[in-house]
Amino acid sequence: MLITTDKGFAEHRDERHHAILIARLRQPNEERIHARVMTAFQQFSAEDWPRFLVVMRDVVQSTYRAP
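Those letters in the sequence shown? Residues 265 to 331, per my numbering, in order.
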């Protein structure tokens, strides 16, 4: 799994990967990034993550499944 704040990785959503989690926050800091990452881990089980892209924003999230 790749965890990043680089929105450019969203371009790879249709490519083969295990999992990508992108934290896109207005004012990111270590605490806020950690909180959003932990929220994503709580929402999705280990079986959900393969080929999954999750973009966590301040309030909402987007999910994509690679083909």
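Heads up, the beta-carbon is just placed ideally off N, CA and C, and yes, glycines get one too.
What you are looking at is a predicted structure, and each value in this text was computed from that prediction instead of being measured.
Inset, instruction - Determine the contact status of A330 and R315, defining contact as a CB-CB distance below 8 angstroms. - result: Contact flag set, yes.
Legend entry - As assigned by DSSP and simplified to three states, the class of A330: In this structure, A330 counts as coil in the three-state DSSP scheme.
Legend entry - Cβ-based neighbour list, A304, same chain, cut-off 6 angstroms, excluding 5 preceding and 5 following: Within its own chain, the residues whose Cβ lies closer than 6 angstroms to the Cβ of A304, once the five positions on either side in sequence are excluded, are L285, V318, M320, listed in chain order.
Legend entry - Straight-line gap, H281 to R288 (C-alpha atoms, nearest Å): R288 has its alpha-carbon roughly 20 angstroms from the corresponding atom of H281.
Legend entry - Runs of beta strand (DSSP E) wholly within the segment 290 to 321 (minimum 3 residues, chain order): With a minimum length of 3 residues, the continuous beta strand (DSSP E) runs that stay inside the segment 290 to 321 are 316 to 320.
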